[in-house]
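Q: Residue numbers (this note's numbering): 42 to 212. I am attaching a structure below and will ask some questions about it afterwards.
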């Protein structure tokens with residue numbers, strides 16, 4: 042398993058799948074979610090609307106993952122996962138964040154995805170501290186990579202975040 046860290050726009054990456062840090066409704070939003078929906082085009086929203094609700098207004102509960110086509114993206118697939126909102130770490134946030142990465146990777150493997158790119162799940166408006174999120178992301182990907190071939194990219198929106206991922210990968 043090859044693990045890379047890049048600073049850039051996840052919507053432009055030539056990978057099999059990109060992971061969307063989504064909200065439970067899967068109908069677009071701000072941050073990376075909005076950027077992915079804009080870049081993928083209106084068919085992504087149609088595909089998300091077609092996914093069944095697990096409860097009123099929720100198509101993907103926190104920690105789970107769903108997959109759609111990539112449509113106008115270079116990626117063949119978008120794997121949507123809903124990270125936890127940070128509440129100080131006392132409401133199961135670390136376990137839920139780990140589940141996001143694990144479930145996204147499991148879904149990728151079941152669709153023969155050889156390369157997948159992740160944003161920093163929950164580290165935007167959901168408020169998860171990056172210094173706590175990065176070790177969970179790296180540890181979970183490394184554990185997964187022992188059993189499946191391919192490539193994982195951590196796509197960071199700025200240099201400071203990319204530096205945190207790179208530092209964690211050398212440990």
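We put the beta carbon where it would ideally sit given N, CA and C, even for glycine.
(1) Buried or exposed for residue 42, going by 16 or more other Cβ atoms inside 10 Å?
(2) With burial defined as no fewer than 16 other Cβ atoms inside 10 Å of the residue's Cβ, what is the status of residue 94: buried or exposed?
(3) Who are residue 110's beta bridge partners in DSSP?
(4) Does DSSP put residue 171 in a helix, in a strand, or in coil?
(5) Please state the DSSP three-state secondary structure of residue 164.
(6) Look at the Cβ atom of residue 57, then the Cβ atom of residue 150, and state whether they are nearer than 8 Å.
(7) Are the Cβ atoms of residue 171 and residue 158 separated by less than 8 Å?
(8) Tell me, which residues are paired with residue 134 by DSSP?
(9) Count Cβ pairs between the stretch 52–68 and the stretch 119–135 that sit closer than 8 Å; are there 3 or more?
(10) Is the beta carbon of residue 73 closer than 8 Å to that of residue 165?
(11) Residue 77 bridges to which residues according to DSSP?
(12) Relative to the C-alpha of residue 193, which residue among 97, 138, 156 is closest?
(13) Could you pull the start and end residues of the alpha helix (DSSP H) that residue 155 belongs to?
A: A quick look at the data gives this:
(1) exposed
(2) exposed
(3) 118
(4) helix
(5) coil
(6) no
(7) no
(8) Looking at the DSSP assignment, residue 134 forms no beta bridge with any residue, so it has no partner.
(9) yes
(10) yes
(11) Residue 77 is not bridged to any residue.
(12) 156
(13) Taken as a continuous stretch (DSSP letters only), residue 155 belongs to no alpha helix (DSSP H), as it is neither H nor E.
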